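Engineer:
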Amino acid sequence: MYESMTLDLFDYADVPVLRFTIADRSCLLQTSAVDELIQQLIAMRGRLEPPQPREPVRSSNYPLEMDPCWYVDYSPLLGPVLLLRHQGVGWMAYSLPSESVERLRKALTVEPPSVGPGSLIN
549 MYESMTLDLF DYADVPVLRF TIADRSCLLQ TSAVDELIQQ LIAMRGRLEP
599 PQPREPVRSS NYPLEMDPCW YVDYSPLLGP VLLLRHQGVG WMAYSLPSES
649 VERLRKALTV EPPSVGPGSL IN
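Residue numbers (the working numbering): 549 to 670.
(1) According to DSSP, is Met640 part of a helix, a strand, or is it coil?
(2) Starting from the Cα of Asp615, find the closest Cα among Pro598, Arg633, Tyr622, Leu585 and give me that residue.
(3) Figure out for me which residue from Pro598, Ile570, Leu625, Ser608 has the closest Cα to the Cα of Tyr550.
(4) For Leu567, which three-state DSSP category applies?
(5) Assess, as a yes-or-no matter, whether the region 578 to 586 is touched by the region 561 to 569 under the definition of 3 or more beta carbon pairs within less than 8 Å.
Right, dumping it as structure tokens:
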């Protein structure tokens, strides 16, 4: 049987916490525990079916980071590694094969198409 879950943010003894409640049971998590939970959920979601779509879904409301922090590192085994920071998730690392690096370079240097009703960002 599935129970509904609620999430609340509040201060507990002057410390910001996340309270999540399932049925009649609650748990309080401080920031470090929320970070750990997010990392575990990301890893577990990666193993669930169906997988995340390989292309963006136009009807989705994606979280938008304005001017995110980014960093490029280089791995001797993987090549370029792009790190992007999301304020809720933290740093995510992406290993980019050389074909993807070239496609990204081209995409960032060409004149952008006009934004219309079919765009991902409205």
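Just so it is clear, CB atoms sit at the ideal spot from N, CA and C, and this is done for glycine as well. Here the structure is a predicted model, which is why all the values come from computation and not from measurement.
Structural biologist: From the atom records:
(1) Taking the sequence shown and counting its residues from 1, one reaches residue 640 at position 92. In the structure shown, Met640 adopts extended strand secondary structure according to DSSP, grouped into three states.
(2) On the sequence shown, position 67 is the one that residue 615 refers to. The shortest C-alpha separation from Asp615 is found at Arg633.
(3) By 1-based counting over the sequence shown, the position of residue 550 is 2. Of the listed residues, the one whose Cα sits closest to Tyr550 is Ile570.
(4) For the purposes of this step, residue 567 is taken as residue 19 along the sequence shown, with counting starting at 1. Note that residue 567 is Arg in the sequence shown, not Leu. Three-state result, Arg567: strand.
(5) Yes, the region 561 to 569 touches the region 578 to 586.
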